[in-house]
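Here the structure is laid out as structure tokens; the discussion comes afterwards.
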Amino acid sequence: MREYLLTLCITAAVTYLLTGPVRKFAIVAGAMPEIRARDVHREPTPRLGGIAMFFGLCAGLLVADHLTNLSQLFEKSNEPRALLSGAALIWLIGVLDDKFEIDALIKLGGQMIAAGVMVMQGLTILWLPIPGVGSVALTQWQGTLLTVALVVITINAVNFVDGLDGLAAGMVCIAATAFFLYAYRIWYSYGIEAAAPATLFAVILMGMCLGFLPHNMHPARIFMGDSGSMLIGLVLAAGAISVTGQVDPDALKLFAGSEKEAVHQTVPVYIPLLLPLTIIAVPAADLILAIVRRTWRGQSPFAADRGHLHHRLLEIGHSHSRAVLIMYFWSALIAFGALTYSVNSASMWIVLSVVILSTIGLILLLLPRFTPRAPRWAEAFVPPRYRRRRAPATAPDASTPADPDSETPGHRTPVAAGVSGVNGATAIGSRARLADRSRSR
Numbered sequence: 001m002r003e004y005l006l007t008l009c010i011t012a013a014v015t016y017l018l019t020g021p022v023r024k025f026a027i028v029a030g031a032m033p034e035i036r037a038r039d040v041h042r043e044p045t046p047r048l049g050g051i052a053m054f055f056g057l058c059a060g061l062l063v064a065d066h067l068t069n070l071s072q073l074f075e076k077s078n079e080p081r082a083l084l085s086g087a088a089l090i091w092l093i094g095v096l097d098d099k100f101e102i103d104a105l106i107k108l109g110g111q112m113i114a115a116g117v118m119v120m121q122g123l124t125i126l127w128l129p130i131p132g133v134g135s136v137a138l139t140q141w142q143g144t145l146l147t148v149a150l151v152v153i154t155i156n157a158v159n160f161v162d163g164l165d166g167l168a169a170g171m172v173c174i175a176a177t178a179f180f181l182y183a184y185r186i187w188y189s190y191g192i193e194a195a196a197p198a199t200l201f202a203v204i205l206m207g208m209c210l211g212f213l214p215h216n217m218h219p220a221r222i223f224m225g226d227s228g229s230m231l232i233g234l235v236l237a238a239g240a241i242s243v244t245g246q247v248d249p250d251a252l253k254l255f256a257g258s259e260k261e262a263v264h265q266t267v268p269v270y271i272p273l274l275l276p277l278t279i280i281a282v283p284a285a286d287l288i289l290a291i292v293r294r295t296w297r298g299q300s301p302f303a304a305d306r307g308h309l310h311h312r313l314l315e316i317g318h319s320h321s322r323a324v325l326i327m328y329f330w331s332a333l334i335a336f337g338a339l340t341y342s343v344n345s346a347s348m349w350i351v352l353s354v355v356i357l358s359t360i361g362l363i364l365l366l367l368p369r370f371t372p373r374a375p376r377w378a379e380a381f382v383p384p385r386y387r388r389r390r391a392p393a394t395a396p397d398a399s400t401p402a403d404p405d406s407e408t409p410g411h412r413t414p415v416a417a418g419v420s421g422v423n424g425a426t427a428i429g430s431r432a433r434l435a436d437r438s439r440s441r
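Here the UniProt record's numbering is used: position 403 in the sequence shown is 403, and no number is missing along the way.
Rendered as structure tokens:
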């Protein structure tokens, strides 16, 4: 565990320290597109944050290769090299898209090629545990097609949810944490060496997200862009494919009896692994709804719009930060709920806890619809939004025009939304000082 923690810290530190210089490079390189109709941010913000995340991935793999226990993984398995090859390819495609806005079909082709590169180096699904049937060995073509499909779906699911500051990095970090706990349990508790690569992939993915989040939380100073969202999606899919395709269910030896009975009873254990979308269920649901919605309207499935889940949360009245926290809540509930169920599927307390937390989540979703007003005596203890509105003591004189340049001592004139410097997300600094200089002249 200490070597995993060291790998996590090194990956997070390298990603965090490189994000600042990468932000300056993105500004100089012009990777700062104009604000689009579907965007939530109000000021041009640099992208290319995936550059720092990719070098954090490389640093994590390099450190792990020189540690005593983890170095054996590189000698026995070719999966870390397969991940690095696929990640480098998908990262390069993302960098080009962040700078030049390449076509969606070209990106899709690049995602398939990156998945194919990993398959060629051994990172593929070899068999699947199916209830009532047993372990079904897949042919080379079946394993390749299933692997490519899972990689492409996961990449696009993460890419679709990357619409608010800190949303994609936080949700993937939550998924990676749950996945790490599960893979480490299989590797350490049951002594299955085939789960070691997935454990390493998960801990490196956690470091990449944790190192980037301080720069990406609202108000974001830099976006990860497609170079980052596609990268972390591929790493998450690679970990799930590694365990699903390489770990034999019979090696767990949890149950005695026939192979069919063993696989049937260990299905709860494989819920987070057979379908990586179980862990990232929220972005996967957003991906499916987006495809259905755009196809129903006669649009291309790749056409951008403002119908994503995070857009809906903003429309019903949630603030930016609250919308992100709600998405975090649902991701953690599904990921850790599936993880807990895989450990003990017979406990009713797990089901009751998930039901109670789901009820709390639904109440949080509906909060903007119902704004209760606190009584007079409790107004001092609640936020201003729950206090009763009071009429101003003195009404301003309508005959006297307001002077925008005049400010009373201790009072600042509110700045309109969209003005540079309001949310700190501007890439080139506040422009208010320039306006003051021109006015003084």
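Cβ coordinates follow ideal geometry from the N, Cα and C atoms, glycine included.
Taking its Cβ as the centre, do 16 or more other Cβ atoms sit within 10 Å of residue i, making it buried, or is it exposed?
{"i": "Trp141", "result": "exposed"}
{"i": "Trp377", "result": "exposed"}
{"i": "Ile356", "result": "exposed"}
{"i": "residue 495", "result": "Residue coverage of the chain in this structure runs from 1 to 441, which leaves residue 495 outside it and unanswerable."}
{"i": "Met53", "result": "buried"}
{"i": "Met118", "result": "buried"}
{"i": "Leu352", "result": "exposed"}
{"i": "Leu18", "result": "buried"}
{"i": "Ile316", "result": "exposed"}
{"i": "Ser71", "result": "exposed"}
{"i": "Thr295", "result": "exposed"}
{"i": "Val151", "result": "buried"}
{"i": "residue 448", "result": "In the structure as shown, the chain starts at 1 and stops at 441, and residue 448 therefore has no counterpart that could be examined."}
{"i": "Gly94", "result": "buried"}
{"i": "Ile363", "result": "exposed"}
Restricting to Cα atoms, I'd like to know which of the options is closest to residue i.
{"i": "Glu214", "options": "Val203, Cys173, Ala198 and Val158", "result": "Correcting the residue type first, residue 214 is Pro in the shown sequence and not Glu. For Pro214, the nearest C-alpha among the options comes from Cys173."}
{"i": "Ala12", "options": "Gly361, Met206 and Asn69", "result": "Met206"}
{"i": "Thr359", "options": "Val158, Trp330, Val63 and Val292", "result": "Trp330"}
{"i": "Phe100", "options": "Val152, Ala29 and Gly116", "result": "Ala29"}
{"i": "Ala233", "options": "Ile153, Thr295 and Thr147", "result": "For clarity, residue 233 is Gly in the given sequence; the question names Ala instead. Comparing Cα-Cα distances from Gly233 to each of Ile153, Thr295 and Thr147, the minimum goes to Ile153."}
{"i": "Leu73", "options": "His320, Gly109, Tyr4 and Met208", "result": "Tyr4"}
{"i": "His218", "options": "Cys9, Arg2 and Arg322", "result": "Arg322"}
{"i": "Val235", "options": "Ala380, Trp91 and Ser77", "result": "Trp91"}
Suppose you measure from the CA of residue i to the CA of residue j; what does that come to, to the nearest Å?
{"i": "Gln111", "j": "Ile155", "result": "8 angstroms"}
{"i": "Arg185", "j": "Val343", "result": "10 angstroms"}
{"i": "Arg297", "j": "Ala290", "result": "11 angstroms"}
{"i": "Trp127", "j": "Asp162", "result": "32 angstroms"}
{"i": "Ile350", "j": "Gly337", "result": "8 angstroms"}
{"i": "Ala240", "j": "Cys58", "result": "20 angstroms"}
{"i": "Ala237", "j": "Phe55", "result": "19 angstroms"}
{"i": "Ile106", "j": "Leu181", "result": "36 angstroms"}
{"i": "Met171", "j": "Tyr328", "result": "6 angstroms"}
{"i": "Thr15", "j": "Ile51", "result": "9 angstroms"}
{"i": "Glu193", "j": "Ala285", "result": "33 angstroms"}
{"i": "residue 442", "j": "Arg221", "result": "No answer is possible for residue 442: it lies beyond the span of the chain, which begins at 1 and ends at 441."}
{"i": "residue 443", "j": "Ala137", "result": "Here the chain covers residues 1 to 441 and nothing more, so residue 443 does not appear."}
{"i": "Ser189", "j": "Tyr341", "result": "17 angstroms"}
{"i": "residue 443", "j": "Met1", "result": "Any property of residue 443 remains undetermined from this structure, which presents the chain solely from 1 to 441."}
{"i": "Gly191", "j": "Asn159", "result": "35 angstroms"}
{"i": "Arg293", "j": "Ala380", "result": "45 angstroms"}
{"i": "Gly109", "j": "Asp103", "result": "10 angstroms"}
Looking at residue j and residue i, is the spacing between their C-beta atoms short of 9 angstroms?
{"i": "Ala82", "j": "Met32", "result": "no"}
{"i": "Gly122", "j": "Glu79", "result": "yes"}
{"i": "Ala168", "j": "Gly228", "result": "yes"}
{"i": "Ala87", "j": "Leu231", "result": "yes"}
{"i": "Ala335", "j": "Ala175", "result": "yes"}
{"i": "Ala64", "j": "Leu89", "result": "no"}
{"i": "Gly361", "j": "Phe223", "result": "no"}
{"i": "Val354", "j": "Leu325", "result": "no"}
{"i": "Val203", "j": "Thr68", "result": "no"}
{"i": "Thr144", "j": "Gly166", "result": "no"}
{"i": "Phe179", "j": "Ala198", "result": "yes"}
{"i": "Leu339", "j": "Ala157", "result": "no"}
{"i": "Ala26", "j": "Asp98", "result": "yes"}
{"i": "Leu164", "j": "His66", "result": "no"}
List the whole-angstrom C-beta distance separating residue i from residue j, where the pair is believed to meet the contact cut-off of C-beta under 8 angstroms.
{"i": "Pro44", "j": "Arg23", "result": "At roughly 13 angstroms, the Cβ-Cβ gap does not stay under 8 angstroms, so Pro44 and Arg23 are not in contact."}
{"i": "Leu84", "j": "Leu61", "result": "6 angstroms"}
{"i": "Thr147", "j": "Thr124", "result": "5 angstroms"}
Mind checking whether the beta-carbon of residue i lies closer than 8 angstroms to any heavy atom of the ligand MN?
{"i": "Phe74", "result": "The ligand content of the structure shown is nil, which means the ligand MN is not present either."}
Using a Cβ cut-off of 9 angstroms (strictly closer), state whether residue i contacts chain C.
{"i": "Ala29", "result": "The displayed structure is made up of one protein chain only, and chain C is not part of it."}
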